[in-house]
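What follows is a single structure, written as structure tokens, with notes after it.
There are 2 protein chains.
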Amino acid sequence: MRIVLVGFGNLGKGLSRAFIQKAGFLRKTHGLIPRVVAAVDEFGAAVDEKGLNLAGLLKTAEKRGTVAAYKGGKRGKLALKVIEDVEADVVYDLTPTNIKTGEPGLTHIKRAMLAGKHVITSNKGPLVVAFKELDSLARRCGIEFRYSASVGGAVPVIGLARKLLAGNEIREIRGVLNGTTNYLLTRMSTEGAPFEIVLREAQELGIAEKDPTLDIEGIDTACKITILANSILGVNAKLKDVKITGITRVRSEAIRLAREAGQVIKLVGVARQGLLEVGPKLIPVGHPLAVSGTLNAVTFELDLAREISITGFGAGPKETSSSLLGDLIDIHRTLGG
Amino acid sequence: MRIVLVGFGNLGKGLSRAFIQKAGFLRKTHGLIPRVVAAVDEFGAAVDEKGLNLAGLLKTAEKRGTVAAYKGGKRGKLALKVIEDVEADVVYDLTPTNIKTGEPGLTHIKRAMLAGKHVITSNKGPLVVAFKELDSLARRCGIEFRYSASVGGAVPVIGLARKLLAGNEIREIRGVLNGTTNYLLTRMSTEGAPFEIVLREAQELGIAEKDPTLDIEGIDTACKITILANSILGVNAKLKDVKITGITRVRSEAIRLAREAGQVIKLVGVARQGLLEVGPKLIPVGHPLAVSGTLNAVTFELDLAREISITGFGAGPKETSSSLLGDLIDIHRTLGG
Chain A
1186 MRIVLVGFGN
1196 LGKGLSRAFI
1206 QKAGFLRKTH
1216 GLIPRVVAAV
1226 DEFGAAVDEK
1236 GLNLAGLLKT
1246 AEKRGTVAAY
1256 KGGKRGKLAL
1266 KVIEDVEADV
1276 VYDLTPTNIK
1286 TGEPGLTHIK
1296 RAMLAGKHVI
1306 TSNKGPLVVA
1316 FKELDSLARR
1326 CGIEFRYSAS
1336 VGGAVPVIGL
1346 ARKLLAGNEI
1356 REIRGVLNGT
1366 TNYLLTRMST
1376 EGAPFEIVLR
1386 EAQELGIAEK
1396 DPTLDIEGID
1406 TACKITILAN
1416 SILGVNAKLK
1426 DVKITGITRV
1436 RSEAIRLARE
1446 AGQVIKLVGV
1456 ARQGLLEVGP
1466 KLIPVGHPLA
1476 VSGTLNAVTF
1486 ELDLAREISI
1496 TGFGAGPKET
1506 SSSLLGDLID
1516 IHRTLGG
Chain B
1186 MRIVLVGFGN
1196 LGKGLSRAFI
1206 QKAGFLRKTH
1216 GLIPRVVAAV
1226 DEFGAAVDEK
1236 GLNLAGLLKT
1246 AEKRGTVAAY
1256 KGGKRGKLAL
1266 KVIEDVEADV
1276 VYDLTPTNIK
1286 TGEPGLTHIK
1296 RAMLAGKHVI
1306 TSNKGPLVVA
1316 FKELDSLARR
1326 CGIEFRYSAS
1336 VGGAVPVIGL
1346 ARKLLAGNEI
1356 REIRGVLNGT
1366 TNYLLTRMST
1376 EGAPFEIVLR
1386 EAQELGIAEK
1396 DPTLDIEGID
1406 TACKITILAN
1416 SILGVNAKLK
1426 DVKITGITRV
1436 RSEAIRLARE
1446 AGQVIKLVGV
1456 ARQGLLEVGP
1466 KLIPVGHPLA
1476 VSGTLNAVTF
1486 ELDLAREISI
1496 TGFGAGPKET
1506 SSSLLGDLID
1516 IHRTLGG
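Those sequence lines, one after another, are chains A and B. Counting in this note's numbering, the first sequence runs from 1186 upward without gaps. Counting in this note's numbering, the second sequence runs from 1186 upward without gaps.
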């Protein structure tokens, strides 16, 4: 399969490493030979219709800061040109998230679809801003559209609901969908430390960002719950439909009291017909949502199976490449590969 | 789809109720119209090529103890005759498990395959006794073979590994796969009560069987870990290859000490290349395997995603119908429906 990578940050690099590491496995187990014919970043592009040398590309990008420095690479804003002109089967949009405009991913995805290319993205922005539009456009263009990595990182939340729980009506989705806040709440619970202290330490460790607003105010979780509601419950929801409370007002005292009662406090996103919300909730110890550290977890409430939960790492380039690769294999299978 | 149900105990009845309850959903969401053309139990069979009235069949079976009492039903050992002679697309084998011989399910499944019918089973027996044989026979006969309900009840363990984690190499599978023992260990942990007491109470509540050997000695878990190893890791394992320790020697004192160290004791089945074992293990509170009550949980150790866990109810006729129905939808999709 001929692949275009748009975005060559941590995820683009992580996926490229997975392509190198797993070439034999993919060919042997799935009959799949991924050939990256172009890679684009904000500074330029590298194109080779015979397939880029990924090890060389990674080395160049790491040393020189852009794929444009790869032999024959070009500088400039080339994403749209590459998406439209380079012959390829699948376009990965792995650009950074902008939850207000969805750009640049939104335009990348639309242009790729209109050019008849299948699309895989990890980017929440376009999905939060224009889910229905993209979903319809994919159908109209007759292409496959996958976005497993946009929610839950390595955790195949959307696939679980759509493929494996297909006999059930999904009544409610509840999710611990933000690793940073889960890490903060876990440390507050195990150490009794106050929010400000664990936040500062998490920032020093690189687990929380310098400006942690999107995480600790619950906005990142709200984006993910919006995507889950749209893709699994079939509603037409926007970010503004989610009632959001963050974790900045969760006190160590509340966490201690919860703990004494066999409960933990987690930042939980909830989606069901007519309700979308994010806020701190009490979860009993031993419940699948009561996961520690940076783990993510999602629980589906179902008419037959009652409750099914899935847990794993919600971030990290290597972990997320599990979903990005899974989407590619799924498209390959769907097309009869 | 024309369906034959072989076995009309709790699971057969639960699946029939799901077919009734979800007829509209299955037609609308999946374009699937299940038509049960025959139902067989140990006393006889009911056949109607136009489709049995499931509500009537359930009422008859509950009142008179057998489907043979349904109008036009016949008495006798009719399973093989029905499997071979009644025109149908899919045969469900939902007969009781015999882990020594695999019968009667083993013969039912083979005959159905040889008759060109797709097969769905919940029965661990045939899979433990003859996994490779059945897997090859299914290929040779060109039919679809599914057994999601045989491990984890409602929890789609096998589908998760095969469909959604397809980009990963699976290094290890660890599972809490027996609801009865998990219930016993959970009560011992929360109440500090000794094994004998909680076992007796669980027997009174119907959670443990009168002869609880298969559960508490770890044999049921060993059967499930054998099936997972064969179907996911691609090994050729038999029950005798599993090193088994049950939970009868787990003392409240050990559970109390574990608890003080932030751990719980669970009966865990482990499968990786070259190792199959079942025994009590320490699991940290907050880990996805540290689930309470009758829940089941499975953790996959993976090269890319690191760890993915799934949790849900491992038994119950309604819960298990989620997997039985999921397999039918999956076959319907695979055949292009």
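Virtual Cβ for every residue (Gly too), placed ideally from N, Cα, C.
| query | result |
| --- | --- |
| Here's the rule: buried if 16 or more other CB atoms are within 10 angstroms of the residue's CB, otherwise exposed. What is A:Thr-1496? | buried |
| So the alpha helix (DSSP H) A:Phe-1210 belongs to, where does it begin and stop? | 1208-1215 |
| Is B:Arg-1491 close to chain A, meaning its C-beta is less than 8 Å from at least one C-beta of that chain? | yes |
| Please state whether the Cβ-Cβ distance between A:Ser-1333 and A:Gly-1511 is less than 8 Å. | yes |
| Runs of 4 residues minimum, wholly inside the region 1302-1364 of chain B: which ones carry the alpha helix (DSSP H) assignment? | 1309-1326 |
| Starting from the C-beta of B:Thr-1292, find all residues in its chain whose C-beta is less than 8 Å away, skip the five residues before and the five after it, and write them out in chain order. | Leu-1265 |
| Please name the residue or residues paired with A:Pro-1469 in a DSSP beta bridge. | A:Gln-1448 |
| Could you spell out the range, first to last residue, of the beta strand (DSSP E) harbouring B:Asp-1278? | 1275-1278 |
| Can a CB atom of chain A be found closer than 8 Å to the CB of B:Ser-1477? | yes |
| Look up B:Asn-1367 in the DSSP assignment and say whether it is helix, strand or coil. | helix |
| Please list, in chain order, the chain A residues whose beta carbon lies closer than 9 Å to that of B:Ile-1401. | Per Cβ cutoff of 9 Å: no residues; B:Ile-1401 is ~21 Å from chain A at best. |
| Does DSSP put A:Ala-1393 in a helix, in a strand, or in coil? | coil |
| Between which two residues does the alpha helix (DSSP H) carrying B:Ala-1240 extend? | 1239-1249 |
| Alpha carbon to alpha carbon, what distance is there between A:Ile-1294 and B:Ala-1273? | 44 Å |
| At the level of alpha carbons, what is the spacing between A:Ala-1315 and A:Thr-1286? | 9 Å |
| On the three-state DSSP scale, how would you describe A:Asn-1195? | helix |
| State the Cα-Cα distance for the pair B:His-1517 and B:Ala-1346, rounded to the nearest angstrom. | 20 Å |
| Per DSSP, what are the beta-bridge partners of B:Ser-1494 in this structure? | A:Thr-1496, B:Thr-1484 |
| Checking contacts by CB at 8 Å: is B:Ile-1355 closer than that to chain A? | no |
| From A:Ile-1218 to A:Glu-1247, what does the alpha carbon distance come to, in whole angstroms? | 25 Å |
| Per DSSP, what kind of secondary structure is B:Arg-1434 in: helix, strand or coil? | coil |
| Which residues in the same chain as B:Gly-1290 place their Cβ atom closer than 7 Å to its Cβ, once the five residues preceding and following it in sequence are excluded? | Asp-1278, Thr-1280, Thr-1306, Asn-1308, Gly-1310, Pro-1311 |
| Would you mind working out which of A:Arg-1249, A:Arg-1212, A:Lys-1256, A:Leu-1263 sits nearest A:Gly-1229, comparing C-alpha positions? | A:Leu-1263 |
| Is the region 1360-1376 of chain A touching the region 1481-1490 of chain A, taking contact as three or more C-beta pairs under 8 Å? | yes |
| I want to see whether chain B comes within less than 8 Å of A:Lys-1503, judged by CB atoms only; does it? | yes |
| Are the C-beta of A:Gly-1511 and some C-beta of chain B separated by less than 8 Å? | yes |
| B:Gly-1511 by DSSP, collapsed to three states: which one? | helix |
| Rank B:Lys-1256, B:Pro-1397, B:Ala-1393 by C-alpha distance to the C-alpha of B:Leu-1237 and give the top, closest one. | B:Lys-1256 |
| Which residues of chain A have a Cβ atom closer than 8 Å to the Cβ of B:His-1215, listed in chain order? | Ala-1351 |
| Less than 8 Å between CB atoms is the rule here; does B:Leu-1299 satisfy it with respect to chain A? | no |
| Would you list the residues sitting across from A:Glu-1462 in a DSSP beta bridge? | A:Lys-1428, A:Val-1455 |
| Using the beta-carbon of each residue, which ones in chain B are nearer than 8 Å to A:Ala-1203? | Gly-1352, Leu-1489 |
| List the residues of chain A that B:Val-1340 touches, going by C-beta distances under 7 Å, in chain order. | Ile-1493 |
| Of all the CB atoms in chain B, is at least one closer than 8 Å to the CB of A:Thr-1245? | no |
| When burial is assigned at 16 or more other CB atoms within 10 Å of the CB, is B:Ile-1205 buried or exposed? | exposed |
| So which residues of chain B does A:Val-1470 contact, with C-beta pairs closer than 9 Å? | Val-1470, Gly-1471, Ala-1475, Ser-1477 |
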